[in-house]
Amino acid sequence: MIEITKEDIKYAEKIFLPEGNKFDQKRKKVIKCLESKDIVACPGSGKTTALLAKLAILANKMPLKNNKGICVLTHTNVAIDEITNRLDKKGKKLFDTPNFFGTFQTFVNQFLAIPAYINYFGKKPYNIDKDLYNESIDKYYNMLNYRTRKYWLERKRKYMDYLKNIRFSLEDFNVLVKKLNGKSVFKNKCDSFKNILEFKLEILKKGYLCYDDAYSLAFRYLKDFEDLLRKTFSQRFQYIFVDEMQDTNSYQIKLLKVLFDSDVIVQKIGDPNQAIFNSVGSSKNKLFWEIKDNNLTIADSKRFSNAVADKVEKLCYPPKKIEGNNNSEDQIKPKIIIFNDETVEEVLPKYAQIIKENNLLKINKPVFKAVGFVGKKREDNKLTLSSYYKNYNPTKKIKKKDFDSLSGYLSSIYIETNYDEANIYRKIIIRALLKVLKISNFKTEDSYLTERTLFKYLKEKNKEFYNKINIKLAEWCLDLYNDKSIFNDLECFIRNEFFDILGIEVDEEVNDFLIASALEEESTIEVKKDFTNIYEYESINIKIGTVHSVKGETHTATLYLETFWYKYEFERLIKYLKSSPVKKPSIKVKTNLKIAFVGMSRPSDLLCVAIHEKRVNDHVEDLKKSGWEICYV
């Protein structure tokens, strides 16, 4: 039986905390806990640091009994990059067999979907990727018979999107659904159903899978071999750590229950008030994580002051106490900026002035952001992020995924993303690496590499380089996020390290790919400027984005901008700002509460909220009594 000792805690403190700092009793209890447990942590509580400390300690105690491993599951590659970067050499063992460290999707692909595909089709799938899957639908569309295309499918609005969104049911491969756990698209097995099912199966046989197909295959595999798979996975893993558990959906939770027996320790870590990815727009607004009564709780935040904590905790449903830190002697009072139809574009300048007045520019590497629920401009001119900043560009989707130069790939980052969506950075950089390998005609087992096979190949060939490229990817993503060019470093890496480890010569075609990039670097920067959502005021840069794009971030100052979602959100939430919450909020109120909670819990120093005078003028005195400072523009 493993025990985490005082010496282990001291070891972790030296690695992960500033010199002289120590973990308090709550966080020590979380780190030392090695039984199945739900761990509920508020924003900025240091839950990731506590998890890293535990992982680093366990890495030192490997091999575990019976050579079992540790499985760490997250929901984004950004989370993986952060943990990988911070663990550095301390967690090297965690990336070796029998351990697993990755996203839910990668876990399902690697351990269930690909083995299932090999079992049922006798070969590996070509790829598991949404974009390639959709391209295959376009390519093979004419395989559908004429009657289905013309008389059933093409009568539907945006029929190609409709077809691309049809999935195999998790329960039965002979049922077609729009959502994995939803109802059948067809009421009966008509000719159109049979034709589309055959079409979907043919695409599957060709090796093109979307991410949902991986789950459908996984559940079919589990249905056929449940006892064997549970035994196999339970023998392989001793500990399962699920980060950001509130973003886990119902079928991912079902996988956890089916795959692991009671001897496997499962710890679920997260904050139910930040469940904004699965519940928004849902008619049930249900949190699939059923938190046990004997959970561990970290209710105090290292991120923000008591002044901010007091406002954030009012947005919790069910109600929850949140404690801020007392590090700041001069805590800045949270502010509400009141505007009208004529002054809406003066909100950002006012926010910048408040930042300046409170000397926040003097802080080391300050981060200033303005966030809102809805970004895209509406035809009826209801409030969105575009109302406050007319140059705001929501995510730009481009059809082209393949480029003729390295600079083409880097340029696409700023066209394809909302600038803050760092999870896409890694994907596009890897696309560029795969492209240059294809140009050089590099293959393994007579096949061009995919992202999965590339990293598998590198891990088997040279573990040191495999770890290095993962660290480099994290660094490049961070540089891009911080508005730094990675072109020279990436080009140099490809020429001098990437090709060297693979034994590839830089031929004329590859050189053209890289030289063209060098010549186009200037135009890359121009494209970048067009698509960065940054408002500049004197020496202050304020990045603008949706609440979803900043989840997990820490800002020096955050401005939460009122937007319209079926109704103006502060028509629903003004009572919560006045510290008089509704006892039984509606589904839409719960959604707005979660969005506002995530958005307003980002700042370490200053929280501002912008509200139209129509929603706030009758409440000003009550808001002042609740601790808000009122500003007008």
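In my numbering, the protein residues as written are 16 to 648. Ideal Cβ placement from N, Cα and C applies to all residues, glycine included. Because the structure is a prediction, the values reported are computed rather than measured.
Starting from residue i and walking both ways along the alpha helix (DSSP H), at which residues does that stretch end?
i                 : result
alanine 290       : Run containing alanine 290: none; DSSP gives neither H nor E here.
valine 45         : 40-47
cysteine 507      : 502-508
phenylalanine 354 : That residue, phenylalanine 354, is in no alpha helix (DSSP H); its beta strand (DSSP E) goes 350-354.
arginine 164      : Unbroken run through arginine 164: none, as it is neither H nor E.
glutamate 628     : 628-631
serine 265        : 265-274
tyrosine 403      : 400-403
lysine 639        : 635-640
When you compare only the Cα positions, how much space is there between residue i and residue j?
i                 : j                : result
phenylalanine 183 : threonine 468    : 26 Å
methionine 158    : methionine 175   : 14 Å
tryptophan 580    : lysine 107       : 45 Å
isoleucine 626    : asparagine 264   : 33 Å
serine 316        : asparagine 114   : 31 Å
lysine 2          : valine 273       : Because the chain here runs from 16 to 648, residue 2 falls outside it and cannot be looked at.
glycine 222       : isoleucine 72    : 41 Å
lysine 609        : aspartate 286    : 11 Å
valine 613        : glutamine 261    : 12 Å
leucine 147       : alanine 489      : 25 Å
cysteine 623      : lysine 238       : 51 Å
tyrosine 177      : valine 281       : 38 Å
phenylalanine 31  : phenylalanine 38 : 10 Å
leucine 621       : isoleucine 347   : 6 Å
isoleucine 19     : lysine 173       : 57 Å
aspartate 228     : asparagine 149   : 12 Å
glutamine 289     : threonine 561    : 14 Å
asparagine 196    : asparagine 180   : 13 Å
glutamate 28      : valine 87        : 21 Å
tyrosine 332      : lysine 43        : 27 Å
tyrosine 404      : glutamate 568    : 22 Å
In three-state DSSP terms, what is residue i?
i              : result
arginine 318   : strand
asparagine 180 : coil
asparagine 310 : coil
serine 619     : strand
tyrosine 581   : coil
lysine 29      : helix
lysine 202     : coil
glycine 137    : coil
isoleucine 484 : helix
glycine 390    : coil
glycine 567    : coil
valine 562     : coil
valine 359     : helix
leucine 195    : coil
valine 613     : helix
asparagine 245 : For clarity, residue 245 is arginine in the given sequence; the question names asparagine instead. Three-state DSSP puts arginine 245 in a helix.
proline 600    : coil
serine 207     : helix
Which residues in the same chain have their Cβ closer than 7 Å to the Cβ of residue i, if we skip the five residues on either side of it in sequence?
i              : result
lysine 392     : Thr399, Ser401
valine 604     : Arg587, Val597
lysine 83      : Pro113, Arg251, Phe252, Gln253
isoleucine 645 : Ile351, Ile353, Val635, Leu638, Lys639
threonine 312  : Val55
In chain order, what residues of the same chain have a beta carbon less than 8 Å from the beta carbon of residue i, not counting five sequence neighbours either side?
i              : result
isoleucine 509 : Leu421, Leu448, Val451, Leu529
lysine 220     : Phe136
isoleucine 516 : Leu473, Lys476, Asn477, Phe480
arginine 577   : The sequence given here places glutamate at residue 577; arginine does not occur at that position. Correct list, in chain order: Gly387, Leu398, Tyr583, Glu584, Phe585, Val624, Ala625, Ile626, His627, Arg630.
Got a sec? Which residues, its chain only, sit under 6 Å from residue i by beta carbon, not counting five neighbours each side?
i              : result
methionine 16  : none
lysine 455     : It should be noted that the sequence gives serine, not lysine, for residue 455. Excluding residues within five positions, the ones whose Cβ falls inside 6 Å are Ile519, Val525.
aspartate 637  : Lys593
tyrosine 236   : Leu127, Ala131
asparagine 160 : Asn210
threonine 539  : Because threonine 539 sits at a pLDDT of 43, beneath the cut-off of 50, its placement in the model cannot be relied upon, and the point is left open.
tyrosine 463   : Lys453
aspartate 494  : Ile501
According to DSSP, residue i sits in a beta bridge with which residue or residues?
i                 : result
glutamine 282     : Lys52, Phe256
leucine 88        : Gly117, Val257
phenylalanine 383 : Ala572
cysteine 646      : Ile352
tyrosine 552      : Ile555
asparagine 142    : Tyr223
lysine 458        : Tyr463
alanine 65        : The partner list for alanine 65 (beta bridge, DSSP) is empty, contrary to what the question assumes.
valine 624        : Ile351, Tyr575
What is the residue span of the beta strand (DSSP E) that residue i lies within?
i              : result
asparagine 340 : 338-340
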